[in-house]
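Report on the following structure.
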Amino acid sequence: MNEPAFQSALEQAAAIRTGQISAVELLEYYLERVQRFNPQLNAIVQTCPESARERAEKADTALARGELWGPLHGVPVTIKDTLEVVGMPCTSGSPALKNHMPEKHAEAVQSYIDAGAVVFGKTNVPLYGGDLQSFNKVYGQSNNPWNTARTPGGSSGGAAAALSAGLCCLEIGSDLGGSIRTPAHFCGLYGHKPSYGIVPQKGHIPPHPGIFTDEHGICLDIMVVGPLARSIDDISLAMDLLIAPEPAERRGRQIRLPEPRRNNLKDLRIGLWMDDPVCPVDSSVGEVLQNAVDRLSAKKAHIADKRPNVDFAGSHDCFLSLLAAVMGAGTPDKYFNKWLEDVKTLSPNDQSYLARHLRGATQIHRDWVIRDGLRQLLRQSWADFFREFDVLLCPVAPLPAIAHDQQYLYDRRITVNGKQREYMDLMGWAGLTGVVYLPATVIPAGRTREGLPVGIQIVGPYLEDRTPIQAAKLVSEVLGGFVPPEGY
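Numbering (this note's numbering), first residue to last: 62 to 549.
Structural data, given as structure tokens:
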């Protein structure tokens with residue numbers, strides 16, 4: 062077979078099935094690559110070679126007697142360290158959890174295992190998944206294989222760095238404020254943020270371990286679990302595996318998503334929202350996105366500069382408030398009580414991200430219900446838009462991969478078109494679609510003049526995940542797809 066490092070999971074599974082390579086050989090190949098390349102990236106922070114070898118051997122033995130476990134039979138994968146995997150600590154980047162050894166796999170992880178995957182490692186995250194960079198006091202900082210002076214993103218940053226460098230072939234991430242989409246954008250990958258509620262959260266940290274019983278538990282608002290990969294076909298396969306109700310709902314609920322609306326690029330009705338003064342996009346990114354749109358137009362794609370009847374500022378405010386409520390609920394009392402005091406000192410005119418976070422995290426339930434009502438109005442506006450259009454193309458973030466910055470979160474700044482902006486603007490375009498529960502697929506769109514990857518976000522109607530995924534496939538046929546970074 063060809064060099065397997067950057068092959069898709071589907072290609073690797075086919076190679077195992079047809080005897081071109083064994084599961085053991087493929088696992089050893091990836092373990093050697095981790096040993097060679099991971100020290101400069103710190104993407105994979107735990108490995109379990111002994112248990113992985115044992116499972117790979119069983120996969121080969123099963124195949125020899127005609128047993129096929131599933132579409133990922135023998136394929137080696139890694140898992141984001143916010144998802145529980147038996148046999149390895151699940152820290153979520155927290156020193157308090159460095160010895161937390163799960164008794165069960167997360168539901169999403171079990172889906173990959175049931176399909177035949179061989180889990181051999183965990184990938185790095187920020188503390189409790191709460192940043193768009195990936196560093197913590199347990200494992201340190203992860204670096205971007207395109208430029209190690211820059212972050213691979215967060216919170217699925219270790220996952221994205223590992224995939225981009227060819228250290229694994231498939232991942233599971235999670236996304237509350239862009240944590241699948243931003244790393245995919247920063248590292249030149251595919252990532253899919255599912256519609257809210259179609260992939261189980263059970264076994265994800267946060268919430269804190271122990272919140273879930275065997276069947277019941279808290280599902281965080283806005284947050285979803287979804288795949289990252291180097292090919293759109295792997296994303297499609299992974300979603301087929303991951304889609305399921307939460308365990309407590311399975312007695313009476315099934316999830317059957319509709320087929321994609323279009324299977325031909327020329328039939329696809331594409332809307333555009335490529336910039337906004339509330340969250341301006343840097344020209345380095347805008348240039349790549351415009352080139353992508355021009356290439357699609359040259360292929361006679363049906364593209365219109367139309368967007369939902371949604372006010373970006375109002376939507377962003379709603380997102381920040383509801384996001385802060387999620388984060389506030391998991392904050393220890395000693396910090397939360399301080400926030401209750403701090404919020405009293407805020408000026409009504411203070412619209413900084415810190416002030417908005419404090420107000421959202423400490424809001425009373427009445428205010429949350431009002432915000433949720435505003436969200437439902439936003440959802441209706443998006444639904445109206447998708448009666449006329451099949452997908453919307455928009456940026457993932459204002460910038461390509463940024464330089465490492467470990468200052469206090471609200472002291473950080475980014476530079477967009479020569480002007481300083483608050484760091485949390487990096488979440489603006491992700492929050493636009495996340496707060497309203499929409500599916501969004503990120504694909505590689507090209508590279509900046511500096512050579513950094515740029516992704517584009519393809520947003521689809523609620524519960525119609527197959528539409529943006531299929532659109533991503535059609536668009537990728539024009540734009541070209543994943544390209545590995547040099548040196549790996």
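Here a beta-carbon is modelled for each residue, glycine too, at the ideal position from N, C-alpha and C.
{"Item": "Own chain, CB closer than 8 angstroms to Glu402, minus 5 neighbours either side, in chain order", "Value": "none"}
{"Item": "Beta carbon of His161 nearer than 8 angstroms to that of Thr152", "Value": "yes"}
{"Item": "Among Arg126, Arg211, Ala70, the one whose alpha carbon lies nearest that of Gly512", "Value": "Arg211"}
{"Item": "Alpha-carbon to alpha-carbon, Ile475 and His465", "Value": "11 angstroms"}
{"Item": "Coarse secondary structure for Asp236, derived from DSSP in three states", "Value": "strand"}
{"Item": "Minimum length 3: unbroken beta strand (DSSP E) runs contained in the stretch 467-526", "Value": "474-477, 480-483, 501-508, 514-520"}
{"Item": "Through-space distance from Val138 to Cys230, alpha-carbon basis", "Value": "6 angstroms"}
{"Item": "Cβ-based burial, Gly238 [other Cβ within 10 Å; buried from 16]", "Value": "buried"}
{"Item": "Integer Cβ distance of Leu193 from Leu487, believed to fall under 8 angstroms", "Value": "5 angstroms"}
{"Item": "Counted within 10 angstroms of its Cβ, other Cβ atoms place Lys534 as buried (16 or more) or exposed", "Value": "buried"}
{"Item": "Nearest-angstrom Cα separation, counted from Ala462 out to Glu86", "Value": "34 angstroms"}
{"Item": "Lys254 and Gly541 closer than 8 angstroms at C-beta", "Value": "no"}
{"Item": "Residue environment, Gly242, which counts as buried when at least 16 other CB atoms sit within 10 Å", "Value": "Sequence check: residue 242 is Arg here, not Gly. Result: buried."}
{"Item": "Residues sharing a beta bridge with Gln107, DSSP", "Value": "Lys183"}
{"Item": "Uninterrupted beta strand (DSSP E) stretches inside the stretch 190-218 (no shorter than 3 residues)", "Value": "none"}
{"Item": "Ala305 in three-state terms, based on DSSP", "Value": "coil"}
{"Item": "Those runs of the beta strand (DSSP E) which lie wholly inside the stretch 367-447 and span at least 3 residues", "Value": "none"}
{"Item": "Contact under 8 angstroms by Cβ, Gly177 with Pro132", "Value": "yes"}
{"Item": "Classification of Gly234 by the beta-carbon crowding that lies within 10 angstroms, buried from 16 upward", "Value": "buried"}
{"Item": "Cβ contact check for the stretch 328-339 and the stretch 434-451: 3 or more pairs under 8 angstroms", "Value": "yes"}
{"Item": "Burial state of Thr108 (16 or more Cβ within 10 Å)", "Value": "buried"}
{"Item": "Span of the beta strand (DSSP E) around Tyr251", "Value": "251-254"}
{"Item": "Proximity winner among Val544, His134, Glu348, relative to Ala75 (alpha-carbon distances)", "Value": "His134"}
{"Item": "Sequence-distant residues of its chain with Cβ nearer than 6 angstroms to Arg482 (five each side left out)", "Value": "Ile475"}
{"Item": "Closest by C-alpha distance to Thr143, when choosing among Ala444, Gln262, Asn398, Phe397", "Value": "Gln262"}
{"Item": "Member of Leu88, Asn103, Ala532 whose CA lies at the smallest distance from the CA of Asn324", "Value": "Ala532"}
{"Item": "Ser442 to Arg527 span [Cα, whole Å]", "Value": "21 angstroms"}
{"Item": "Every unbroken beta strand (DSSP E) within the stretch 63-102, with a cutoff of 3 residues, ordered by chain", "Value": "none"}
{"Item": "Spatial distance of Lys159 from Ala353 (CA atoms)", "Value": "43 angstroms"}
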